[in-house]
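Engineer: First the structure, then my questions, so here it is.
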Amino acid sequence: MKALFLAATVMALTACANAPSSTSTSRSANWWDYRHQVMEERAQGTLTPLAAEEKLEAKYLEIYGPDPTMEGVFAYGKRLYAMADAGKLSIEEADALSNARMDEILARDAADVRFHSWLESRFPPNGGD
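Each residue of the sequence shown is one higher than the one before, counting from 14 in my numbering.
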């Protein structure tokens, strides 16, 4: 019984230590603002789709650090745009597939942030100290 209590306590403390901080919201806002800016540049023709994808990948890495899931998303997008450049896929198809995958992953991440924010509002990390 004592071991079970100790294990539960360690897991709870680990969860608090790993919960996203209040900077998660500002990082997310920075990311979405930057993504919007890059998409505008691309729409104006100052960036190719592949160059835009590379800029987004670099900024995501700068804001969030290494993320294997997003590395896969960016690799997928770059592959789609390379196929479009080669004429094997239309740019519209590449856009639709790339944007759908990125939106899916970012929506999943946003849900995680909202859940952690909800947990912190109910159980503040330092509230019991």
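Even for Gly, the Cβ is constructed at its ideal location relative to N, Cα and C.
Excluding sequence positions up to five away, which residues of its chain have a Cβ less than 6 Å from the Cβ of Trp44?
Structural biologist: Same-chain partners within the cutoff: Ile76.
Engineer: Identify every run of the beta strand (DSSP E) within the segment 60-85, keeping only runs that are complete inside it and at least 3 residues long; order them along the chain.
Structural biologist: Fully enclosed beta strand (DSSP E) runs of 3 or longer: not present.
Engineer: Does the beta carbon of Glu106 come closer than 8 Å to any beta carbon on chain D?
Structural biologist: Judged by its chain identifiers, the structure shown contains no chain D, having just a single protein chain.
Engineer: So which of Ala120, Arg40, His129 has the shortest CA-CA distance to Gly78?
Structural biologist: Nearest of Ala120, Arg40, His129 to Gly78, Cα basis: Arg40.
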